[in-house]
Structure formats: structure tokens, C-alpha cells
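Student:
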Amino acid sequence: MKLNKKFVFFAVLVILALAIVFVFFLRRNISASTSSVTQTPVVMGATGTEEVTFHKGFNAYGKGLIHASDYLTQYNLRVYEFKGQQNQWNIFPGGDDFLITAFRGYYVYNPDAEKTVILPSGPGTTTAFAIDKGWNLLWTANAKNLNSTKLEDSLQFMHNSQQVLAKDLLNNKTIYKNIFVIDNDQSADSCTYFKILGQEDVAANCTGGNQTIGVSSQIPAGKAFWVYVY
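So for the sequence shown, our numbering puts the first residue at 310; every next one is plus one.
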């Protein structure tokens, strides 16, 4: 089975982007804190709170409306935001503080043992995900299908100030044909870390053998996913 060169190219870009995070971390002197949490972060526009468990290491996260600084002040967590148009990571602490925006995806680094914290739950649903040029890391609180017959369940994006179905953007090649769903953010194996949204299994020899990344018919609730905009 022949490799799809475009897929391999963009898959490598995703993996390289993730690698930047890990290389950056290894070069940082991050001290762990085991102090107990007694306060709740300052919440802006949240619809409620929820318990969120962060494993030791990197965790994909989204939903909450809160400044990155509030996480670190309370819970000793480091937050990573990918800026697609600049093709770089904004990391706090270490860079500018930023607002965790609903339906955007982020990586949260926990230097300690697994911990469960109270965070704002944020809005539960959106009709369309805002996307910009380059790689976009997004997050959904509700399962999303690529070709659903129900309008409210279809995967849609806000592009150039217009709400557009994902399948239409795919058809006119505005976005890359493969949407990468982060299936298991604790996996060290790219074959199990990602799944491709769609029906066709992609021949990506992610282990150097015949194993493929695999596909998912939908983006499950509570998952982050990567979309590339040309």
C-alpha cells in the first residue's frame, strides 16, 4: 500500500509541533509542588464547575473560561497554547498570560502525581469552531460527526466570518483532508495517540511497519483535535 505523501507531511508537522512542547519542557527547570489546594480559581463567564483529572505529564484540555495564570497559581500546572498563524507555542508561565477560550484546545503539563482539581466547566456546546490559517487545536464538549444528517450535530467551522460545514471546506480544499483526533493523550505511540476523522483508513506506517493510525466516525465528547487550514 503506497503512502500518501501529503498525509505523511502533515502528520509529521503535527508530531513535530508536539515534540516542540516536550523538548521545551526538557530544557526547563520545572520544580514540582505538593502544596494542598484551598481556593477556587477566578472564573470568568463560566456556567458551572467540574472536576478535572490531570495525569502526570501532558494532558489535552479545553472548555474552561479562565486565565492561564489562575491554573498555575492554584494548581501548579503549565499551560500550552498553539498559535497557528505564527506556528509557535505560547506557554505560561514562561510567556504571556492568556485566556483559555471555549472550544479551543490546549495542553496542560502536570509535574506532580495525578491530581483532580475543580475548574470552570464553561459552555457545553457550539454551532461552529473558529479556525485560522495553519494548525488549529480545538476541543469539543459534545460528540461531533463529519457528515451527520442532523444540522445541529454536523461538524462546522467559522471561517472568514462565515459558518461553513466541514465537508464543504474539505471539498474545496480549504482545510486538509485529515482531521487528527487526539484519542489517547497519554500514549507514547503515534499509532494510538491519534485517530483520523472519517471513513477511510490512512496508510500511514507510523511504527515503521504496517500499522495504521486508524479512523474514528466522530470526534468523541471531551476530546481535542487538530485541523489544518491552507
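Where is the CB? At the ideal position from N, CA and C, for every residue including glycine.
Just so you know, these numbers come straight off a predicted model, no measurement behind them.
1) Straight-line CA distance for I522 to L464?
2) Starting from T483 and walking both ways along the beta strand (DSSP E), at which residues does that stretch end?
3) Inspect the CB distances between the segment 359-378 and the segment 448-455 and report whether three or more fall short of 8 Å.
4) Would you call the segment 403-422 and the segment 358-367 in contact, with 3 or more CB pairs under 8 Å?
5) Compute the distance between the beta-carbons of T358 and S430, then report whether it is under 7 Å.
6) Grab the span of the beta strand (DSSP E) containing Y539 for me, first residue to last.
7) Using three-state DSSP, classify Q465 as helix, strand or coil.
8) Out of Y416, F503, A475, P402, which one is the CA nearest neighbour of F438?
9) Based on the DSSP secondary-structure assignment, which residues constitute the bridge partners of G424?
10) Kindly indicate which three-state DSSP category S430 falls into: helix, strand or coil?
11) Taking a contact to mean a Cβ-Cβ separation below 7 Å, would you say A530 touches G414 in this structure?
12) Buried or exposed: V490, going by 16 or more other Cβ atoms within 10 Å of its Cβ?
13) Measuring alpha carbon to alpha carbon, tell me which of F503, T425, W444 ends up nearest N385.
14) Return the residue from the list Y389, E360, D498, I484 that minimises the CA-CA distance to D441.
15) Quickly, what does DSSP pair K410 with across the bridge? List them, please.
16) I'd like the list of long-range same chain contacts for A452, defined as Cβ closer than 6 Å, with 5 residues on each side in sequence excluded.
Tutor: Result, derived from the coordinates:
1) Looking at the two C-alpha atoms, the distance is approximately 21 Å.
2) Element bounds for T483: n/a, residue is neither H nor E.
3) Judged by Cβ distances under 8 Å, the segment 359-378 makes contact with the segment 448-455, as three or more pairs qualify.
4) Three or more beta-carbon pairs drawn from the segment 403-422 and the segment 358-367 are found closer than 8 Å, and the two stretches are therefore classed as touching.
5) Taking a C-beta distance under 7 Å as the contact criterion, T358 and S430 qualify as a contact pair.
6) No beta strand (DSSP E) contains Y539, which DSSP labels as neither H nor E.
7) Correct three-state label for Q465: strand.
8) Per the Cα distances, A475.
9) Per the sequence shown, the amino acid found at residue 424 is Lys instead of Gly. K424 pairs with F363.
10) In this structure, S430 counts as coil in the three-state DSSP scheme.
11) No, the Cβ-Cβ distance between A530 and G414 is not below 7 Å.
12) It is buried - the Cβ of V490 has at least 16 other Cβ atoms within 10 Å.
13) Nearest option by C-alpha distance: T425.
14) Nearest C-alpha to D441: I484.
15) According to the sequence as given, residue 410 is Thr; it is not Lys. Answer is none; T410 lacks a bridge partner.
16) Result list for A452: Q527, P529, A530, in chain order.
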